[in-house]
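*Asks:*
There are 2 protein chains.
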Amino acid sequence: MERKIVSPCVMIIFGGTGDLTHRKLIPALYNLFYEGNLPDSFAVVGVGRKDKNASEYKHELQASLEKYSRYKIKPEVWEQFSKKIQYYKMEITVSEHYEGLKVFLNEMDETLGTQGNRLYYLSVAPSFFEMITKNLAQYKMAENVDSWQRLIIEKPFGHNLETANYLNTEISKVFPQENIFRIDHYLGKEMLQNMLVIRFGNALFESFWNSRYIENIQITSSETVGVENRADYYEASGALRDMLQNHMLQLLALVAMEPPAAIDAKSIRDEKIKFLRTLSKNNAEIIKGNIVRGQYGEGKMGSKPALAYRSENGISPKSNTETFIAAKLIAGNFRWGNMPFYLRTGKRMKQKTTKVVIEFKSLPEILYFKEYNGMQPNLLEIRIQPSEGVSFSFNAKRPGTQNGITNVMMDFCQNCSLENNSPEAYERLIADALKNDQTLFTSWDEIEASWSFIDNIANIWRQEQPQFPNYAPDTYGPSDSDVLLTNNGHKWWNT
Amino acid sequence: MERKIVSPCVMIIFGGTGDLTHRKLIPALYNLFYEGNLPDSFAVVGVGRKDKNASEYKHELQASLEKYSRYKIKPEVWEQFSKKIQYYKMEITVSEHYEGLKVFLNEMDETLGTQGNRLYYLSVAPSFFEMITKNLAQYKMAENVDSWQRLIIEKPFGHNLETANYLNTEISKVFPQENIFRIDHYLGKEMLQNMLVIRFGNALFESFWNSRYIENIQITSSETVGVENRADYYEASGALRDMLQNHMLQLLALVAMEPPAAIDAKSIRDEKIKFLRTLSKNNAEIIKGNIVRGQYGEGKMGSKPALAYRSENGISPKSNTETFIAAKLIAGNFRWGNMPFYLRTGKRMKQKTTKVVIEFKSLPEILYFKEYNGMQPNLLEIRIQPSEGVSFSFNAKRPGTQNGITNVMMDFCQNCSLENNSPEAYERLIADALKNDQTLFTSWDEIEASWSFIDNIANIWRQEQPQFPNYAPDTYGPSDSDVLLTNNGHKWWNT
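As they're listed, the protein sequences go chains S and P.
Residue numbers are given in my numbering: position 186 of the first sequence equals residue 186, and the series is strictly consecutive.
Each number in my numbering corresponds to the 1-based position in the second sequence with 1000 added.
1. Would you report the Cα separation of V1483 of chain P and P1377 of chain P, rounded to the nearest angstrom?
2. Secondary structure at A1472 of chain P, three-state DSSP: helix, strand or coil?
3. Any Cβ of chain S within less than 7 Å of the Cβ of M1410 of chain P?
4. Determine which residues of the segment 1378-1412 of chain P have a Cβ less than 7 Å from any Cβ of chain S, and write them out in chain order.
5. Which of the three DSSP states is assigned to S391 of chain S in this structure?
6. Name, going along the chain, the residues of the segment 21-44 of chain S whose beta-carbon falls closer than 7 Å to a beta-carbon of chain P.
7. Could you tell me which whole beta strand (DSSP E) segments of length 3 or greater appear in the segment 403-447 of chain S?
8. To which residues does DSSP link N1456 of chain P through a beta bridge?
9. Can you find at least 3 beta carbon pairs, one from the segment 1003-1022 of chain P and one from the segment 1036-1049 of chain P, that sit closer than 8 Å?
10. So is E1223 of chain P in contact with chain S if we call contact Cβ pairs under 7 Å?
11. Give the residues of chain S in contact with Q1414 of chain P, contact being defined as C-beta atoms less than 8 Å apart.
12. Is the shortest distance between the beta-carbon of L1254 of chain P and the beta-carbons of chain S less than 7 Å?
13. Run the CB neighbour count on K300 of chain S, radius 10 Å, all protein chains shown included, and call it buried at 16 or more, exposed below.
14. With DSSP collapsed to three states, give me the class of V1292 of chain P.
15. Given a cut-off of 7 Å on the beta-carbon distance, is the pair R1293 of chain P and I1325 of chain P in contact?
16. Find the nearest neighbour of Q467 of chain S within the set S:A458, S:D480 and S:L440, judged by alpha-carbon distance.
17. What does the Cβ neighbour count give for Y426 of chain S, buried or exposed, with the cut at 16 atoms within 10 Å?
18. Taking only the alpha-carbon atoms, compute the straight-line gap between S1064 of chain P and T1278 of chain P and give it to the nearest angstrom.
19. Pop quiz: G188 of chain S and L429 of chain S are said to be a contact at Cβ under 8 Å. What is the actual Cβ separation, rounded to whole angstroms?
20. With a cut-off of 7 Å, does the C-beta of K347 of chain S fall near any C-beta of chain P?
21. Please classify P1305 of chain P as buried or exposed, where buried requires at least 16 neighbouring CB atoms within 10 angstroms.
22. Who are the near neighbours of W336 of chain S in its chain, counting only those whose CB is closer than 6 Å to its CB and skipping five residues on each side?
23. Span of the alpha helix (DSSP H) holding Q1193 of chain P?
24. According to the neighbour-count rule (16 or more other Cβ atoms, all chains shown, within 10 Å of its Cβ), is G1302 of chain P buried or exposed?
25. For I1005 of chain P and chain S, any beta-carbon pair shorter than 7 Å?
26. Does the distance from the CB of Y1234 of chain P to the CB of V1227 of chain P come in under 7 Å?
27. Measure from the C-beta of S1201 of chain P to each C-beta in chain S and report whether the shortest distance is under 7 Å.
28. What does DSSP give as the partner residues of I358 of chain S in its beta bridges?
29. What is the DSSP secondary structure of Y1139 of chain P, counted as helix, strand or coil?
30. Should S422 of chain S be flagged as near chain P, meaning a C-beta pair shorter than 7 Å?
31. Could you tell me which residues DSSP pairs with M1011 of chain P in its beta bridges?
32. Name, going along the chain, the residues of the segment 1424-1440 of chain P whose beta-carbon falls closer than 7 Å to a beta-carbon of chain S.
33. Would you kindly work out how many angstroms separate the C-alpha atoms of Q1498 of chain P and W1078 of chain P, rounded to a whole number?
34. Which residue's Cα is closest to the Cα of Y68 of chain S: S:A28, S:P478 and S:Y98?
35. Could you tell me whether the Cβ of G489 of chain S comes closer than 7 Å to any Cβ of chain P?
36. Take the Cβ of D264 of chain S as the centre, count every other Cβ of all protein chains shown within 10 Å, and call the residue buried at 16 or more, exposed below.
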């Protein structure tokens, strides 16, 4: 495979001294470089308001790299890589500063042969998205004539359909849609990409991928951590906007969409959009009884005391922000009919895991085996993170018994062996943006469909006060989340 | 589960000093006793022509037990168990000796309270089956009045349909069909019993268990050993009668039969018979091109020299006995249509394994993934022995590639962990005979259907001389066996 990126370019990171740059972006670039995949003519410019020179900046990044790179840092490789790093000090709110940046970048083109190609990475608060793009337009830094300029935007993209729509309109005035890369780092995860291969590269899986064989599909993305140091952001977004609107719905779309006509960006997006639009069938009335929100109270994680959400640093003691959400959704199309999709995500939960569990229909109610006990439906589990793998649970004979049943599991673990060193999501995503491959990025139409569904939920919630806190740390969330399933004769498969 | 057998009984082993008794029968009885499953009133009588007393006999058995039991022998358990063992010297060809045996057994009834119940185990050459049963009849040792008498017969049951038919008629005059237990020790293997649970205890498996989803089914039972010390027997039977007629067809029937109405002996047998009768569709003309026979030549197993079959001790240097057979069979029923079942069995092969591989239909010929390579059909493999387990091979994304495909495997291994100590086939089978459960024994109708099919093959073979030897040791058999599959666009899945 040709993995090397040929198009020369300068990547500009707004928010170049931020956490994401240190933890994810620079390690991703280093790994791409280490594997020989970056273009020969390439540089990365960290943009920040802090006063520092390139050498100080590099020194800080090197320290982070030692911590976060999946490769051990080799001094000779770092030396070569660090030559590609620059720092540029400016205030992103001050329009005139963009002119200086432009001159700085143009000079790099001269030295490096980067030909005016730019990848702007907005690793800043969403409130700056519009301002930055407008300034890039004003100084003709995104003309897309004779060279290319692309924009990578981190989530959240808007706060609801209206604000997302406004933002989309504004940045579309500067960048054509095909040059806007809305990143959802979940889509860069190996097992999430694997979902397409598992579904469409295996005749058998696709054969039973519908409601005739499947009883329900459960998607869980749970964290053990609390709100950590993102109080402001989280208070405004909550689990609904932080997780459900993007990661969870994207994962759901990949699991539930129809087979695309081809494995390319447009075909896959078309199918995802088509699926996301089916969610509009879950109108206000239906949704009302099918969504559970939660907020963690005080308690313990293992043996360590854990604060209630409302007591966390920077959080209002009366906050009604949800740290947990569970939903039962219906697609109502030919493939899925009224089969429920159960989604849940939360903080301070018992396990850190992102996984999809497919529960197959049970046998007809026949007491087929003499010593009938422990019979369980067949489960296909696709683990996204931190464990990556696929397993299938089925009933087998308990050895030594007449016809006693036991539940056993076939397992494939992708990241169990030490040799495995899967690329990080950001490596794949940055490389794809440099290659102009939109497959793993979210299109505007997907964003639009997601928000109209999410707005429904937010509107309902506004009408009534939640009883928070309603779940203890180190649990699987509020009991209503279990009730949501038991009402349908189902249960969460937690292990 | 109630596993203890309650009905008191004396088990009489004709061939009590033979290899099977030492290696399998006594260890099986010891293990049943050790686990507390034998009846309180129970004894086993070894019948032999050699002159020895009970104490000598016990001593010999103890030595074998140390070698062959899956439990470590505890002296206090052995002491208790050995009290149940007796030896009886007689010539089985001398009618009058049966009278002595009868008296001996009746005396045991007095001492032990075994109430006249008998389990006669014929672990002798098949030529003695008729004679022994006739003598048992003559001395009214199988009256089945006020007490029960059952017969366990080891294979082979006849040499063809005619001789099997004759034998069946003769022993049926003495024992009612329901008291005749034709043993096929393969049916006692854990994973073979598991076949029923896997197929009918899992909604998903049964859903795709037909020719709409399955491309072909491959059943392999291969050995690495040569003919060993069974020259006389093997020269007369060959792989056709030694393996295909019984073990392989039984395994095939369990894999391919329709779901039985209940999990009981009669229902299961009915379905097996129904399936075995479909094999008559493979008439002489069809079979001709669909059967491959082989005989191993001289060569090496690993680095050790190995004799040709014709050079083995006791084998004719011009022998045309087959040590390998491969067959392509069609069931021609609704479930399987013209889907091929491929069966093969042989000696001196590369691997010791008994397994079933289910190859699913491939994807339509679409170049779905950009870096299409290494795409493989989905395979479900059920391993019977020596490894016991189930695995499923499927295509997944090769980590770190764009859309590169790799073939990965989910695996469940039943006997990988040291704790696992599955009962031996003979434990289960003897216990079932003592309990009067015929489920895992072969009915006359099954034998009849098997032989009529096997006779077809033998008849064709008689008409032409094979070109033997035609395969080297430590291989997968003659090249014609591969051609049999490649002619259909298939291949053996060897690993």
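Ideal placement from N, C-alpha and C gives every residue a C-beta, glycine not left out.
*Replies:* Let me lay it out:
1. 20 Å
2. coil
3. yes
4. N1378, V1390, S1391, F1392, F1394, N1395, A1396, K1397, P1399, G1400, T1401, Q1402, N1403, G1404, I1405, V1408, M1409, M1410, D1411 and F1412
5. strand
6. Cβ contacts with chain P: none found.
7. 405-413
8. Looking at the DSSP output, N1456 of chain P bridges to nothing.
9. Yes: the two stretches touch, three or more of their Cβ pairs being nearer than 8 Å.
10. Not one chain S Cβ lies under 7 Å of E1223 of chain P.
11. A396, P399 and V408
12. Cβ-Cβ to chain S under 7 Å: no for L1254 of chain P.
13. exposed
14. strand
15. yes
16. Minimum Cα distance to Q467 of chain S is reached at S:D480.
17. It counts as buried.
18. 43 Å
19. 4 Å
20. no
21. Looking at its Cβ environment, which holds fewer than 16 other Cβ atoms inside 10 Å, P1305 of chain P is exposed.
22. For W336 of chain S, where only same-chain residues beyond five positions count, the Cβ hits under 6 Å are S211.
23. E1190 to F1200
24. exposed
25. no
26. yes
27. Looking at the sequence itself, residue 1201 of chain P is Gly, so the reference to Ser does not match. Nearest CB-CB separation between G1201 of chain P and chain S: below the 7 Å threshold.
28. S:I217 and S:L380
29. coil
30. yes
31. P:V1044 and P:L1119
32. none
33. Here chain P covers residues 1001 to 1495 and nothing more, so residue 1498 of chain P does not appear.
34. S:A28
35. Among the residues facing chain P, G489 of chain S is not included, as its CB has no counterpart in that chain under 7 Å away.
36. exposed
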